[in-house]
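A.B. asks:
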Ligand code: AMP
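Residue numbers (the numbering used here): 1 to 390.
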């Protein structure tokens with residue numbers, strides 16, 4: 001019998017999963033996939049570690065988060081030769097209280113429900129599978145891993161807004177997100193660049209969602225995302241940092257309702273909004289439309305500004321790490337970012353950049369530049385394994 005760990009990442013319309021098996025000292029990816037279309041026509045697909053499809057099923061109509069969780073549970077409980085040892089969940093918000101992953105029980109689930117107002121678009125979906133498993137298989141340990149937790153090492157002042165206590169006391173702080181990705185990179189960094197791991201590094205998590213984080217000695221000291229996952233860089237469809245006066249203008253002068261403003265900020269802005277072409281970097285890079293180029297230029301410009309800001313927060317810069325879909329794959333974007341960062345001592349090695357690294361700076365570069373693939377699911381599996389072992 002092999003012990004396995006199921007990792008769940010529940011979004012608004014999909015339930016992504018990975019299965020890791022403990023083999024000697026390592027966790028090995030066995031299977032991954034998703035049930036998508038949870039609110040339309042649901043479809044389940046599972047791949048093996050090499051990406052080959054190993055199971056698939058279509059459902060007529062929407063099965064929702066609860067039934068999807070039950071289906072996955074039955075599927076993996078029935079896998080011959082394996083025992084489901086624990087389930088690890090990605091949970092977007094741990095508030096100020098959870099600075100580390102936590103084993104779930106009724107009390108913790110209740111505390112995480114109380115954080116729903118801080119992340120109403122994500123937290124309820126994250127909690128749905130947790131409740132189902134807590135009821136159906138209470139003896140299988142569950143662990144919550146938070147996108148916010150890694151940033152709780154930041155100085156108090158880096159987590160503050162300049163707002164009065166009557167607003168701040170409702171939990172209005174800069175929390176930061178993508179913490180599991182940054183934590184994975186922070187743990188990998190000593191293997192590739194020991195000096196940077198002890199020193200000051202800015203990690204660029206550039207995917208559909210995008211943010212940047214300054215690490216000092218492997219700990220987060222500042223990040224571009226704040227109270228929600230809207231702040232900071234322009235993203236696929238999210239606007240990034242905005243003068244809050246624009247929100248007032250949209251409401252007071254343009255007559256947009258709160259939900260219309262929310263839709264503009266989350267779904268109609270960013271790369272999609274600026275380009276009018278696509279939210280997807282591959283489509284933008286292959287487009288001749290000048291608006292597609294402008295969207296990329298704006299992203300690069302904002303990255304450059306944030307890089308200067310985060311280097312200031314870290315007190316200098318020893319290394320830059322590119323990660324996530326765009327960061328790991330777009331040589332063109334990395335080249336543009338590095339060209340703009342020459343002032344801070346970055347010297348790109350174009351051939352290494354074209355090969356996707358791992359090191360893409362020249363030997364003489366004042367700042368090391370790396371491409372390191374992230375793996376948030378593995379980070380969750382690792383935390384889950386550690387917590388259930390104690
Ligand atoms: P993620 O959210 O981490 O899966 O990243 C998704 C983003 O990565 C999308 O904008 C994709 O277009 C982008 N991406 C993935 N592969 C490539 C590639 N080969 N070149 C440019 N962008 C890519």
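Idealized CB from N, CA, C, for every residue including glycine. Everything numeric in this text was worked out from a predicted model, so none of it was measured.
1. With a cut-off of 5 Å, give the chain-ordered residues whose Cβ is closer than this to any heavy atom of the ligand AMP.
2. With three or more C-beta pairs closer than 8 Å as the rule, is the stretch 183-199 touching the stretch 367-385?
3. Please report how far the alpha carbon of residue 15 lies from the alpha carbon of residue 299, in whole angstroms.
4. Determine the burial state of residue 275: buried for a count of at least 16 other Cβ atoms within 10 Å of its Cβ, exposed for fewer.
5. Give the C-beta separation of residue 193 and residue 368 to the nearest angstrom, bearing in mind that I take them to be a contact with Cβ-Cβ under 8 Å.
6. Enumerate, from N- to C-terminal direction, the unbroken beta strand (DSSP E) stretches of 3 or more residues contained entirely within the stretch 67-137.
7. Is residue 359 helix, strand or coil by DSSP?
8. Using CA coordinates, which residue listed in 290, 256, 257 is at the minimum distance from residue 271?
9. What would DSSP say about residue 338, mapped onto helix, strand or coil?
10. Name, in chain order, the residues that DSSP records as bridge partners for residue 370.
11. Verify whether the separation of the beta carbon atoms of residue 322 and residue 334 is less than 8 Å.
12. Can you tell me whether DSSP reads residue 44 as helix, strand or coil?
13. Please name the residue in 310, 281, 124 whose C-alpha comes closest to that of residue 296.
14. Report yes if the C-beta distance between residue 2 and residue 21 is below 8 Å; otherwise report no.
C.D. replies: The structure says:
1. 207, 208, 280, 281, 282, 324, 325, 326, 329, 330
2. yes
3. Translated into positions along the chain shown, residue 15 becomes position 15. Translated into positions along the chain shown, residue 299 becomes position 299. Approximately 29 Å between the Cα atoms of the pair.
4. Position 275 of the chain shown, counted from the start, is the residue given in the question as residue 275. Classification of residue 275: buried, given that the 10 Å Cβ count is 16 or more.
5. Within the chain shown, numbered from 1, the residue matching residue 193 stands at position 193. Within the chain shown, numbered from 1, the residue matching residue 368 stands at position 368. Sure, about 5 Å apart at Cβ, within 8 Å.
6. 82-91
7. If you number the chain shown from 1, residue 359 lands on position 359. Three-state result, residue 359: strand.
8. Your numbering for residue 271 matches position 271 in the chain shown. Measuring from the Cα of residue 271, the nearest candidate turns out to be 290.
9. Translated into the one-based positions of the chain shown, residue 338 becomes position 338. Correct three-state label for residue 338: helix.
10. In the chain shown, residue 370 corresponds to position 370, counting from 1. Answer by DSSP bridge pairing, in chain order: 321, 359.
11. Here residue 322 is taken as the residue at index 322 of the chain shown, counted from 1. Here residue 334 is taken as the residue at index 334 of the chain shown, counted from 1. A contact, by the Cβ cut-off of 8 Å.
12. Stepping through the chain shown from its first residue, residue 44 is reached at position 44. Three-state result, residue 44: strand.
13. As a working mapping, residue 296 is identified with position 296 in the chain shown. Considering only alpha carbons, the answer is 281.
14. Indexing the chain shown from 1 puts residue 2 at position 2. Indexing the chain shown from 1 puts residue 21 at position 21. The answer is yes: Cβ separation under 8 Å.
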